[in-house]
Amino acid sequence: MRLRKIFLGLSFLIAALMLCAGAAIYILRPRSYEWREVASSDNRFHLSFPSTPSLLETGEKSADGRQFVSHMLKSNPADHVFYVVSWWENPAQRDQTTEELFARFRQCDIKVFQARVEGEKDAKVQGYPAKLIFIMTGNGLSVENLAIRAGNRIYSLSVVDSRVSPLEKENIQKFFTSFKLEQ
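Numbering (our numbering), first residue to last: 696 to 878.
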């Protein structure tokens with residue numbers, strides 16, 4: 696009888712551990728997406744999105760009143776997950792140093808997401824200066840923003856995700872490294 700209780704207890708313990716391990720593997724593994732390569736409408740870049748993106752173009756005014764167009768491709772492959780690339784040529788930003796421009800990106804990220812910067816790193820994308828900024832919001836969203844200055848044009852690649860998993864970095868890295876400027 697006692698041996699039977701020990702055996703049942705061990706069986707339940709093993710089953711519970713297997714269930715927890717399976718749930719952990721499911722939660723921690725990167726999401727699998729159907730990646731699609733997309734080119735910008737002016738064919739100046741292409742990149743891969745985890746689902747079909749939608750395009751939004753908005754007329755903007757620079758600080759000195761000049762008009763320009765801001766473009767955005769946004770993909771929402773899962774709940775609370777967004778992959779976004781924005782680009783523009785703001786005449787008022789032409790005279791800013793790259794350092795000043797990236798400092799404004801950091802401040803904008805903090806303001807928009809009401810978050811704190813967890814880290815940042817200087818980078819190069821096809822020889823152009825870039826800055827990777829990682830922030831965490833108070834409600835558990837992680838945001839990775841790769842800002843690139845390519846001549847007069849600014850690109851901002853962002854991933855917003857509610858699931859902070861080291862393995863999810865594979866999808867984020869795939870998105871960022873798929874970005875290719877056409878020369």
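Beta carbons: idealized from backbone N, C-alpha and C, even for Gly.
- Task: Would you kindly work out how many angstroms separate the C-alpha atoms of His775 and Arg697, rounded to a whole number?
- Result: His775 and Arg697 have their C-alpha atoms spaced approximately 50 Å apart.
- Query: What does Ser765 pair with, by DSSP beta-bridge criteria?
  - Reply: Paired residues: Thr753 and Trp783.
- According to DSSP, residues forming a beta bridge with Ile843: According to DSSP, which records beta bridges pairwise, Ile843 is partnered with Ala825 and Tyr850.
- Query: Just reading off the alpha helix (DSSP H) that Ala804 is part of, what are its end residues?
  - Reply: Strictly speaking, residue 804 in this sequence is Asp, with Ala absent from that position. Taken as a continuous stretch (DSSP letters only), the alpha helix (DSSP H) holding Asp804 covers Thr793 to Phe808.
- Can you check whether the CB of Glu839 is closer than 8 Å to the CB of Val854? A contact, by the Cβ cut-off of 8 Å.
- By DSSP, does Asn834 sit in helix, in strand, or in coil? Coil.
- Task: Can you tell me which of the three DSSP states Glu815 falls into?
- Result: When secondary structure is reduced to three states using DSSP, Glu815 falls in the strand class.
- Are there 16 or more other CB atoms within 10 angstroms of the CB of Ala842, so buried, or fewer, so exposed? It is buried - the Cβ of Ala842 has at least 16 other Cβ atoms within 10 Å.
- Message: Using the three-state DSSP reduction, which class does Ser770 fall into: helix, strand or coil?
- Response: DSSP places Ser770 in strand when its eight states are reduced to three.
- Which class does Leu723 belong to by DSSP, given the choice of helix, strand or coil? Caution is warranted here: a pLDDT of 49 is assigned to Leu723, below 50, making its placement in the model unreliable, and the coordinate value is therefore given only provisionally. Secondary structure of Leu723 (DSSP, three-state): helix.
- Task: Identify which residue in Asp737, Ser746 and Asn738 has its Cα closest to the Cα of Arg731.
- Result: The residue with the shortest Cα to Cα distance from Arg731 is Ser746.
- In the DSSP assignment, find the unbroken alpha helix (DSSP H) run with Ser873 in it and report its ends. Membership of Ser873 in the alpha helix (DSSP H) is indicated by the continuous run Lys864 to Ser873.
- Going by DSSP, name the residue or residues bridged to Arg731. In the DSSP output, where bridge partners are listed per residue, Arg731 has Phe744.
- Task: To the nearest angstrom, report how far apart Thr753 and Ile805 are at their CA atoms.
- Result: Those two C-alpha atoms are separated by around 22 Å.
- Query: Under 8 Å between the Cβ atoms of Arg848 and Glu784?
  - Reply: Against a cut-off of 8 Å, the Cβ pair of Glu784 and Arg848 comes out as a contact.
- Task: Spatial neighbours of Gln868 within its chain, please: CB distance less than 7 Å, with the 5 preceding and 5 following residues excluded, ordered by chain position.
- Result: So the list is empty, once near-sequence residues are dropped.
- Integer Cβ distance of Gln821 from Leu876, believed to fall under 8 Å: With a Cβ gap of about 5 Å, Gln821 and Leu876 count as contacting.
- In terms of DSSP beta bridges, what is Leu856 paired with? Going by the sequence as given, residue 856 is Asp instead of Leu. BP columns for Asp856 point to Val776 and Ser837.
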